[in-house]
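Asker: Reminder that position 474 of the sequence shown reads as 820 in our numbering, one-by-one numbering, no gaps.
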Amino acid sequence: MKYFPITISIVLICMFFPLQGFTQSENQRIEITYQPLKVGDTVPNDVFNNLINYKTESVRLSDFKGKLLILDFWVLGCPHCIKTWPKLLELQQKFEGKIQIMLVNPKNDKTSILRYIENKRNYSKINMNLPSFFKGSKIDELFPTSSFPRIIWIDKNGIVKSIAYGGGSLTNENIEAMLNGQDVKMKQARVEKPQKNVIYEKPFYLDGNVGNGEHMLWYSVVSRYNENVIHAEGIFANDTVGYFITQGRHSIYEMIQFVFNEGPFFLNNFPSCRIDLQVKDRTRLFAYDGEGLGDGKFRAQNYYSYQLFSKLPKTKKKLKQLMQADLERYFDIKFHWENREMDCLVLTAEDTSLISYKKGEKEYYSDPPILILNNIGLDDWLIKLNNVYPDYPIINETGLKGNLGDISLNVNLREGYQALDKALKKYKMRFKMEKRIVKVLVVTDPEGYEYIEREPTPEEKKLNDKVAAQMILMKIRKSEDFNTYQKEIIRYVNTHLQDNWEELNQYAWSFYKNEKITSKNSLEQAINWARRSIELDSNYYNNDTYAHLLFKVGRKKEALNAAKKAIELASKSDKKIDVKVTQQLINKIKGELTD
């Protein structure tokens, strides 16, 4: 389709509607935009608003024809701008009737400017009574600038004669020369492009503020809990993927463990046994009970997402250093290292040739009492051991160069480190508890810090309640009280999952598969979940679940229709879906209905 400029539409309107008597409301006023003026251009004969210290709140620059017009661009916080104020007042008085000096502030609002002028009058005895444009006057579109002060000279005919840096050009001699029509040499500023849609009070590169981020060299950001951000993490440092760290939905403690991991496997966490939390309020560092809190609460408000991006090549080590500094800034914590003597699990080897990799595929198999290692990095295995024995630092003193190989042990690691030590003797290795000096990461509050707990949002409170219910389910499940567990699942799903089709379908299917669940009430609850899942997003999976549940309670004709619907949806799906189970159900129902 071909698109025409909007100006054609305006011409056509004018052809059919006479201009005489045409009126516009204030809300329909056409917004005018300006191209930057340069020396030699004539100022437009338009009305400019947002004016103070003048007889009217708006004015045409052409109203000053016959006078030399001097525009002094300034902003709050610019000392060089304010320094020229006494001189401006003196020059205006001396050349009264021949010149008009006007201030232009394109960045600050009326209230801020009036307050500042009042303070200068009270404390510095400077009575700035010259007319001044404030933010929104659009004068800055005629003379866009990012540096201040900027002096614009417009002669008595409305022609721009000079766009000068600073206030050094404001002299008696230059004014007299301009009034006499003489050329005046001044250091000219370059004409800048207009800065459209720049909002300095809001973040750059968000919502189109100064573009989409193509000029950014690097940046980092922290956001609060968002249910759309999943628990994920990654760090990359290559020209193909980019240079960035991203951590979705993590607690501060999880971020600490991630960013201080010193091993070659960046996604493994720094062991908690080497982190000493010397903070007043530990709860702000954790999100849930499993991270070291004992009160059984879940805190969605303690979940954050962090991102660090760099357009410049940086190593993973450098990216982590930047993130470590960010954690200190963003979360008011301090890090330092201390060497401490601790009980450690020390791995040694008398003869490394017995454990060195020689041939074969990479293999790691751990299913008690069997443990097989071949072509596995020793550091990689020690990290896995750290997950089994998290209370002690694990020290590698084997002297092994290269990977482990051809190791087959009969051991259950959960029986304690002594069991592993006994099993390793066949390879002349030991895994013993000994004292060693290790580096410990100490986390403290900054000096003078006082933590103020933030109230969770309604969304976070809802998630808190949901996770608390999940914890109750976990405890009941461990007790093997199936009847209570079944009742709590029904309570949990009906309370917390009515807007999530996937979880509704998951629990509905689990009730179908569980042979212990035979009561009509429980199965009807599952049928309702499947029906609700279909209402949210009708697809093959939840229609198939619905069909199986209906069949389980004996509603065979309804089950047949639901199964046919599931296969129909599968045929329309972009993904290849295996419908063998559903077809078997259809055949079974048809067979029973025939009988």
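Where is the CB? At the ideal position from N, CA and C, for every residue including glycine.
#1: Grab me the residues of GLN446's own chain with a C-beta within less than 6 Å of its C-beta, minus the 5 sequence neighbours each way, in chain order.
#2: DSSP puts THR592 in a beta bridge; with which residues?
#3: Skipping 5 residues on each side, what residues in its chain have a beta carbon closer than 6 Å to that of LYS771?
#4: Note the first and the last residue of the continuous alpha helix (DSSP H) segment covering SER868.
#5: Evaluate contact between the segment 420 to 429 and the segment 489 to 497, counting only Cβ atoms and requiring at least three cross-stretch pairs below 8 Å.
#6: Can you find the residues in the same chain that come closer than 6 Å, C-beta to C-beta, to ILE932, ignoring five residues on each side of it along the sequence?
#7: Cβ-heavy atom distance between TYR773 and the ligand SAH below 7 Å?
#8: Near LEU422, which residues of its chain fall below 7 Å by C-beta distance, leaving aside the five closest residues on each side in sequence?
#9: Throw me the rounded Cβ distance for the GLN660 and TYR599 pair, which I believe falls under 8 Å.
#10: Taking the CB atoms as reference points, tell me whether ARG628 and LEU787 lie closer together than 8 Å.
#11: For ASP890, count neighbouring Cβ atoms within 10 angstroms of its own Cβ and tell me buried if that reaches 16, exposed if not.
#12: Runs of 3 residues minimum, wholly inside the segment 769 to 853: which ones carry the beta strand (DSSP E) assignment?
#13: Would you tell me roughly how many angstroms separate the C-alpha atoms of GLN930 and SER917, rounded to the nearest one?
#14: Just checking my contact of THR694 with ARG776 at CB under 8 Å: how many whole Å lie between their CB atoms?
#15: Who are the Cβ neighbours of ASP737 in its own chain at under 7 Å, not counting the five residues just before and after it?
#16: Grab me the residues of SER879's own chain with a C-beta within less than 6 Å of its C-beta, minus the 5 sequence neighbours each way, in chain order.
#17: Checking the sheet assignment: what are the DSSP bridge partners for ARG406?
#18: Nearest-angstrom Cα distance between LYS481 and LEU488?
#19: Taking its Cβ as the centre, do 16 or more other Cβ atoms sit within 10 Å of PRO792, making it buried, or is it exposed?
#20: Look up GLN647 in the DSSP assignment and give the residues it is bridged to.
#21: Spatial neighbours of ARG877 within its chain, please: CB distance less than 7 Å, with the 5 preceding and 5 following residues excluded, ordered by chain position.
#22: Give me the Cα-Cα distance between THR830 and LYS821, rounded to the nearest whole angstrom.
#23: So, with DSSP's three-state summary, where would you put GLY762?
#24: Since I believe PHE394 is in contact with LYS484 (beta carbons under 8 Å), could you give me their beta-carbon distance rounded to a whole number of angstroms?
#25: Applying the 10 Å Cβ sphere with the 16-neighbour rule, what's the burial state of MET779?
#26: Less than 8 Å between the CB atoms is what I'm expecting for LEU691 and LYS774, so what's the real figure, rounded?
#27: Less than 6 Å between C-beta atoms, sequence neighbours within five positions excluded: which residues of the same chain meet that for LYS645?
#28: Over the uninterrupted alpha helix (DSSP H) stretch that includes ASP672, give me the two end residues.
#29: Could you give the C-beta distance for GLY594 and ALA578, rounded to a whole number, given that I count them as a contact under 8 Å?
#30: Is it true that the CB of PRO452 sits closer than 8 Å to the CB of TYR400?
#31: Give a yes or no on whether the C-beta atoms belonging to LEU449 and ASP486 are separated by under 8 Å.
#32: Taking VAL692 as part of the beta strand (DSSP E), name the residues at either end of that continuous run.
#33: List the endpoints of the continuous alpha helix (DSSP H) containing ARG422.
#34: Below 8 Å, how does it come out for the segment 744 to 762 and the segment 705 to 725: are there three or more Cβ pairs, yes or no?
#35: According to DSSP, which residues form a beta bridge with GLY504?
#36: What residue range is occupied by the uninterrupted alpha helix (DSSP H) comprising VAL927?
Answerer: Let me lay it out:
#1: Translated into the one-based positions of the sequence shown, residue 446 becomes position 100. These residues qualify, in order along the chain: PHE410, LYS413, LEU415.
#2: Taking the first residue of the sequence shown as position 1, residue 592 is located at position 246. Bridge partners of THR592: GLY580, GLN653.
#3: Mapped onto the sequence shown, residue 771 falls at position 425. Correct list: empty, nothing qualifies.
#4: Against the sequence shown, residue 868 aligns to sequence position 522. Here the alpha helix (DSSP H) through SER868 covers 866 to 882.
#5: yes
#6: As a first step, residue 932 is located in the sequence shown; it is residue number 586 there, counting from the start. Same-chain partners within the cutoff: ALA909.
#7: With respect to the ligand SAH, the structure offers nothing, as it holds no ligand at all.
#8: Translated into positions along the sequence shown, residue 422 becomes position 76. Answer for LEU422: ASN454, SER458, TYR462, listed in chain order.
#9: For the purposes of this step, residue 660 is taken as residue 314 along the sequence shown, with counting starting at 1. For the purposes of this step, residue 599 is taken as residue 253 along the sequence shown, with counting starting at 1. The amino acid occupying residue 660 in the given sequence is Lys; Gln does not appear at that position. Going by Cβ atoms, the distance from LYS660 to TYR599 rounds to 25 Å, so no, they are not a contact pair.
#10: For the purposes of this step, residue 628 is taken as the residue at position 282 of the sequence shown. For the purposes of this step, residue 787 is taken as the residue at position 441 of the sequence shown. No, Cβ-Cβ distance for ARG628 and LEU787 is not below 8 Å.
#11: Residue numbering aside, residue 890 sits at position 544 when the sequence shown is read from its first letter. By the 10 Å Cβ count, ASP890 comes out buried.
#12: 775 to 790
#13: The count along the sequence shown starts at 1 and reaches residue 930 at position 584. The count along the sequence shown starts at 1 and reaches residue 917 at position 571. Cα to Cα, the separation comes out at about 16 Å.
#14: Translated into positions along the sequence shown, residue 694 becomes position 348. Translated into positions along the sequence shown, residue 776 becomes position 430. Yes, they are in contact, since the Cβ atoms of THR694 and ARG776 sit about 5 Å apart, within 8 Å.
#15: Your numbering for residue 737 matches position 391 in the sequence shown. The residues are CYS619.
#16: As a position in the sequence shown, residue 879 is number 533, starting the count at 1. Closer than 6 Å at the Cβ level, and outside the excluded window around SER879, lie TRP847, LEU850, ASN851, ASN888.
#17: Numbered from its first residue, the sequence shown carries residue 406 at position 60. In the DSSP output, where bridge partners are listed per residue, ARG406 has VAL393.
#18: Position 135 of the sequence shown, counted from the start, is the residue given in the question as residue 481. Position 142 of the sequence shown, counted from the start, is the residue given in the question as residue 488. Cα to Cα, LYS481 sits roughly 14 Å from LEU488.
#19: Reading the sequence shown from its first residue, position 446 is the one you call residue 792. Exposed, since its Cβ has fewer than 16 Cβ neighbours within 10 Å.
#20: To locate residue 647, count along the sequence shown from 1; it is residue 301. Per DSSP, none; premise fails for GLN647.
#21: Stepping through the sequence shown from its first residue, residue 877 is reached at position 531. Closer than 7 Å at Cβ, skipping near neighbours: TYR892.
#22: The residue labelled residue 830 in the question sits at position 484 within the sequence shown. The residue labelled residue 821 in the question sits at position 475 within the sequence shown. C-alpha separation (whole angstroms): 11 Å.
#23: In the sequence shown, counting from the first residue as 1, residue 762 sits at position 416. GLY762: coil per DSSP, three-state reduction.
#24: Counting from one through the sequence shown, the residue named residue 484 turns up at place 138. Counting from one through the sequence shown, the residue named residue 394 turns up at place 48. Rounded, the Cβ-Cβ distance is 6 Å, consistent with contact.
#25: For the purposes of this step, residue 779 is taken as residue 433 along the sequence shown, with counting starting at 1. It is exposed - the Cβ of MET779 has fewer than 16 other Cβ atoms within 10 Å.
#26: Reading the sequence shown from its first residue, position 345 is the one you call residue 691. Reading the sequence shown from its first residue, position 428 is the one you call residue 774. Not confirmed; about 18 Å, so no contact.
#27: Locating residue 645 in the sequence shown gives position 299, counting from the first residue. The displayed chain sequence assigns Arg, not Lys, to residue 645. Here the set comprises ALA633.
#28: Sequence index remark: in the sequence shown, residue 672 carries index 326 (1-based). It spans 662 to 677 - the alpha helix (DSSP H) in which ASP672 sits, taken as one unbroken run.
#29: Taking the sequence shown and counting its residues from 1, the one referred to as residue 594 is at position 248. Taking the sequence shown and counting its residues from 1, the one referred to as residue 578 is at position 232. GLY594 to ALA578, Cβ: 5 Å. Contact.
#30: Counting from one through the sequence shown, the residue named residue 400 turns up at place 54. Counting from one through the sequence shown, the residue named residue 452 turns up at place 106. Cβ distance not < 8 Å, so TYR400 and PRO452 don't count as in contact.
#31: By 1-based counting over the sequence shown, the position of residue 449 is 103. By 1-based counting over the sequence shown, the position of residue 486 is 140. Cβ distance not < 8 Å, so LEU449 and ASP486 don't count as in contact.
#32: For the purposes of this step, residue 692 is identified with residue 346 of the sequence shown, where counting begins at 1. Here the beta strand (DSSP E) through VAL692 covers 680 to 695.
#33: Indexing the sequence shown from 1 puts residue 422 at position 76. For the sequence presented, residue 422 should be read as Leu rather than Arg. LEU422 -> no alpha helix (DSSP H), and no H or E assigned at all.
#34: yes
#35: For this step, residue 504 is matched to residue 158 along the sequence shown. DSSP lists no partner for GLY504.
#36: Against the sequence shown, residue 927 aligns to sequence position 581. Segment 926 to 940, the alpha helix (DSSP H) holding VAL927.
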